[in-house]
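**Q** Numbering (our numbering), first residue to last: 27 to 429. Mind having a look at this structure? Questions to follow.
Encoded structure:
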């Protein structure tokens with residue numbers, strides 16, 4: 027068993043050599059060890075002033091003029107183009123707005139409609155059996171609306187479950203409970219080989235690791251922006267529609283914002299061109315522009331997704347080492363894969379009485395979260411989490427479990 031002073035010294039050396047260490051200063055942080063960025067990212071320090079400008083000047087002084095003069099009208103596509111490189115997409119394919127749930131609905135129904143246009147008999151949707159519950163609820167509703175059967179399947183079993191009836195497959199890139207990273211390239215290729223469409227939920231991967239939407243030919247993807255993108259509580263989600271599919275994207279929620287002539291006030295609907303088809307109603311401007319400000323951290327500091335991924339793996343490796351060294355034998359069990367190719371940016375530990383343990387950890391200044399029935403989740407946001415944070419969290423965890 028390693029001595030705490032040894033691992034603490036190693037953490038200090040790792041922080042000194044960390045190429046992303048300076049980015050930490052861009053966030054509002056305190057003495058708390060914050061390992062819950064996979065639920066809500068920390069506040070970038072410059073965002074309050076930007077939001078104040080939006081409220082006081084753009085809304086308070088310019089009022090309606092801000093739709094044009096402040097760029098409000100084009101914000102969903104403009105901000106989508108800023109998110110695009112973080113998920114491996116070229117410009118013009120991502121639109122920001124609505125919630126993840128709403129975008130899952132739009133994407134999944136549109137995928138089924140395209141599959142049914144391709145040929146008869148496509149009447150089944152496969153959904154990740156381990157998915158975040160909302161994705162499952164949405165998939166069930168989409169199946170009823172499109173006359174499809176819904177079949178929950180573990181991601182690893184998708185290739186063998188695909189068939190001539192499969193219309194669309196809804197998968198999570200990273201499992202929200204365990205942090206397991208699923209094989210997006212291979213699963214997308216398998217879905218395509220079966221003649222179906224792949225819809226990916228990127229909530230726990232965007233901003234934490236490379237995604238490669240364009241490179242791997244993903245059809246449709248959705249994701250939230252309040253986790254690793256630090257957009258703020260309830261910040262709007264995004265929808266990716268691959269460029270060659272955009273003319274066929276038939277949204278089940280055709281709103282005036284996605285109309286080819288939004289101010290024409292026509293009674294018949296004619297969809298706009300491009301990613302704009304993913305819009306529905308009036309954008310949530312305050313949250314949208316707070317998100318836009320938060321994304322400055324990536325641009326102004328020249329942060330690359332590759333560097334974030336390298337540090338993420340180093341942080342999670344170090345946390346597992348520290349937990350292994352400090353925590354009494356048999357008290358926790360990692361359910362997060364050890365292999366880098368199968369790990370997202372979190373570590374999930376199975377633990378008896380996990381809810382009470384997490385409560386005590388938070389009281390002692392280490393914030394993670396708990397998932398029923400027995401999982402402690404620790405999320406590692408490389409933009410502001412350091413190695414000393416990791417060592418302290420493991421040490422406090424060990425003390426909590428020991429007493």
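C-beta: ideal position from N, C-alpha, C; glycine also.
Helix, strand or coil for residue 27, going by three-state DSSP, please let me know.
**A** The predicted model places residue 27 with a pLDDT of 46, which falls under 50 and marks its position as unreliable; any figure quoted below should be read in that light. Residue state, collapsed to three classes: coil.
**Q** Is DSSP giving residue 18 helix, strand or coil here?
**A** As displayed, the chain neither begins before 27 nor continues past 429, which places residue 18 out of reach and without an answer.
**Q** If you drop the 5 nearest sequence neighbours on each side, which residues of the same chain put their C-beta closer than 6 Å to that of residue 288?
**A** So the list reads 282, once near-sequence residues are dropped.
**Q** Look up residue 142 in the DSSP assignment and say whether it is helix, strand or coil.
**A** Residue 142: helix per DSSP, three-state reduction.
**Q** Please report the straight-line C-alpha distance between residue 172 and residue 150, rounded to a whole angstrom.
**A** Residue 172 and residue 150: Cα-Cα distance of roughly 9 Å.
**Q** If you reduce the DSSP assignment to three classes, tell me which class residue 348 lands in.
**A** DSSP places residue 348 in helix when its eight states are reduced to three.
**Q** Nearest CA to the CA of residue 321: which residue from 386, 239, 379 and 233?
**A** Looking at the Cα atoms, 233 is the closest of the given residues.
**Q** Is the separation between the beta-carbon of residue 392 and that of residue 59 shorter than 8 Å?
**A** Cβ distance < 8 Å, so residue 392 and residue 59 count as in contact.
**Q** Can you say whether residue 202 is buried or exposed, counting buried as having 16 or more other CB atoms within 10 angstroms of its CB?
**A** Its Cβ being crowded by 16 or more others within 10 Å, residue 202 is buried.
**Q** Return the Cβ separation of residue 263 and residue 248 in integer angstroms, given the expectation that the two are a contact with Cβ distance under 8 Å.
**A** Contact flag correct, Cβ pair sits at about 6 Å.
**Q** How is the alpha helix (DSSP H) around residue 104 delimited, first residue to last?
**A** Per DSSP, residue 104 belongs to the alpha helix (DSSP H) from 101-109.
**Q** Could you tell me the alpha carbon to alpha carbon distance between residue 160 and residue 35, rounded to whole angstroms?
**A** Cα to Cα, residue 160 sits roughly 43 Å from residue 35.
**Q** Would you say residue 431 and residue 193 are within 8 Å of each other, going by their C-beta atoms?
**A** Since the first residue shown for the chain is 27 and the last is 429, residue 431 is missing from the structure and cannot be characterised.
**Q** What are the partner residues of residue 246, as DSSP defines its beta bridges?
**A** Paired residues: 225 and 267.
**Q** Smallest Cα separation from residue 372: which of 380, 363, 378 and 145?
**A** Ranking 380, 363, 378 and 145 by Cα distance to residue 372 puts 363 first.
**Q** Comparing alpha-carbon positions, which option in 426, 412 and 351 lies nearest residue 383?
**A** Out of 426, 412 and 351, 426 has the C-alpha closest to the C-alpha of residue 383.
**Q** Out of 408, 424, 52 and 73, which one is the CA nearest neighbour of residue 254?
**A** Looking at the Cα atoms, 408 is the closest of the given residues.
**Q** Can you tell me which of the three DSSP states residue 234 falls into?
**A** If DSSP states are grouped into helix, strand and coil, residue 234 belongs with coil.
**Q** Should residue 231 go down as buried or exposed, given a rule of 16 or more other Cβ atoms within 10 Å for buried?
**A** With 16 or more other Cβ atoms within 10 Å, it is buried.
**Q** Taking only the alpha-carbon atoms, compute the straight-line gap between residue 183 and residue 309 and give it to the nearest angstrom.
**A** Roughly 38 Å between the two C-alpha positions.
**Q** From residue 357 to residue 67, what does the alpha carbon distance come to, in whole angstroms?
**A** If you take the alpha carbons of residue 357 and residue 67, they lie about 29 Å apart.
**Q** Taking the alpha carbon of residue 81 as the point to measure from, which residue in 315, 419, 222 and 352 has its own alpha carbon closest?
**A** If we check each option's Cα against that of residue 81, 315 comes out closest.
**Q** If residue 200 sits next to residue 222, beta carbons under 8 Å apart, how far is it from one beta carbon to the other, in whole angstroms?
**A** Actually they do not touch by this definition, with Cβ atoms about 22 Å apart.
**Q** Going by beta-carbon coordinates alone, are residue 265 and residue 349 separated by less than 8 Å?
**A** No. Outside cutoff.
**Q** Can you grab the Cα-Cα spacing for the pair residue 430 / residue 118, in whole Å?
**A** Because the chain here runs from 27 to 429, residue 430 falls outside it and cannot be looked at.
**Q** So, using beta-carbon positions, are residue 245 and residue 197 closer together than 8 Å?
**A** Against a cut-off of 8 Å, the Cβ pair of residue 197 and residue 245 comes out as no contact.
**Q** Residue 416: buried (16+ other C-beta within 10 angstroms of its C-beta) or exposed?
**A** Label assigned to residue 416: buried.
**Q** Hey, could you find the ends of the alpha helix (DSSP H) residue 25 is sitting in?
**A** Outside the modelled stretch of the chain, which goes from 27 to 429, sits residue 25, for which no answer is possible.
**Q** Name the two residues that bound the continuous beta strand (DSSP E) containing residue 373.
**A** Per DSSP, residue 373 belongs to the beta strand (DSSP E) from 372-377.
**Q** Report the option in 95, 394 and 279 whose CA atom is closest to the CA atom of residue 297.
**A** For the residues 95, 394 and 279, the minimum Cα distance to residue 297 belongs to 279.
**Q** Between which two residues does the alpha helix (DSSP H) harbouring residue 211 extend?
**A** Looking at the DSSP string, the run of the alpha helix (DSSP H) that includes residue 211 is 210-219.
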